[in-house]
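Be aware that the sequence shown starts at 1, since it is given in full-length UniProt numbering, and climbs by one per residue. Where is the CB? At the ideal position from N, CA and C, for every residue including glycine. Remember, it's a predicted structure, so these values are computed and weren't measured experimentally. The block underneath contains the structure these notes are about, expressed in structure tokens.
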Amino acid sequence: MTMKKRVPFVTFRTRVRDETVDGPNPYRWENKTTEDYFGGRRTILFSLPGAFTPTCSTYQLPDFDKLYEEFEKHGIESVYCLSVNDAFVMNAWGKASGLKKVKLIPDGSGEFTRKMGMLVAKDNLGFGLRSWRYAAVINDCLIEQWFVEEGLSDNCETDPYGASSPQNILKTLKSLETESAPDQSERLTAL
């Protein structure tokens, strides 16, 4: 779905590796804003219910990482995965997943997810408040394309996955490029 909505301004609390920090956990806190992640470039953001969960870990995250170069061919400069998990959990998940390209964003308090209108209760699974599964193509903090799974609701009994899959987003990007490319007869007439 085409959309021109601005992503909400939020400050994320992240943990970054810093070799100047002594001890077995060489990380420091670093604040990153929405502008840091999405300003001045074209990106993909996908959000999911939780780190280490089955669909997220088996399909969504690894498939975005595998298809990263394909997204670059279509003008995407970065791909981000966001979850209502803290920086410690997100870093551990990234390491366990062997990520090479996708960057993880911790939304520990759920502020960004709430402001996006995607915060849902998952008490039926023992999760508490989490993100509904969605994705967006974002250009300089403006949402160009929106991919939200059907059934957005609290305590949903199912975990729909398809609309926000990397394969669907890639298909949409290719389709939009085909639609916007002038056809051969228009180019010949212009010459």
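Cutoff 7 Å; reference residue i; Cβ partners in own chain excluding five residues on either side
| i | result |
| --- | --- |
| K32 | F12, T14 |
| S97 | S57, L61, P62 |
| E77 | R41, R42, T43 |
| P26 | R17, D18, E19 |
| M118 | S47, S131, W132, Y134 |
| T55 | D159, Y161 |
| K122 | P49, G128, R130, N155 |
Cut-off 6 Å between Cβ atoms - residues of its own chain near residue i, not counting five sequence neighbours on either side
| i | result |
| --- | --- |
| V10 | T34, E111, F112 |
| G94 | L104 |
| E30 | T14, V16 |
| G162 | none |
| E74 | A quick correction: the sequence has His, not Glu, at residue 74. So the list reads L173, once near-sequence residues are dropped. |
| L1 | Just to set this straight, residue 1 is Met in the shown sequence, not Leu. W146. |
| F64 | V79, V102, P166 |
Environment of residue i [buried if 16+ CB atoms lie within 10 Å]
| i | result |
| --- | --- |
| S165 | buried |
| S175 | exposed |
| P24 | exposed |
| K66 | exposed |
| V120 | buried |
| M116 | buried |
Residues of its chain near residue i, where Cβ-Cβ distance is below 8 Å and the 5 sequence neighbours each way are ignored
| i | result |
| --- | --- |
| P160 | R133, E149, E150, G151 |
| Y68 | V79, K100, K101, V102 |
| I138 | V7, F38, R42, T43, I44, L45, E144 |
| T189 | Only weak support is given to the placement of T189: the predicted model assigns it a pLDDT of 44, under 50, and the value that follows is read from those uncertain coordinates. Same-chain partners within the cutoff: there are none. |
Rounded Cβ spacing between residue i and residue j (contact assumed at less than 8 Å)
| i | j | result |
| --- | --- | --- |
| N124 | N168 | So it is not a contact: roughly 26 Å between Cβ atoms. |
| G108 | D86 | 4 Å |
| L70 | L170 | Per the sequence presented here, residue 70 reads as Glu, with Leu not at that position. Indeed, because the Cβ distance is near 6 Å, the residues count as touching under 8 Å. |
Using 8 Å as the Cβ pair cut-off and three pairs as the minimum, do the segment 79-97 and the segment 128-141 touch?
-> yes
With contact counted as at least three CB pairs below 8 Å, one residue from each stretch, are the segment 85-96 and the segment 37-51 in contact?
-> Contact between the segment 85-96 and the segment 37-51 is present: three or more C-beta pairs spanning the two stretches fall below 8 Å.
Inside the segment 40-115 only - beta strand (DSSP E) runs reaching at least 3 residues | 42-48, 78-83, 103-106
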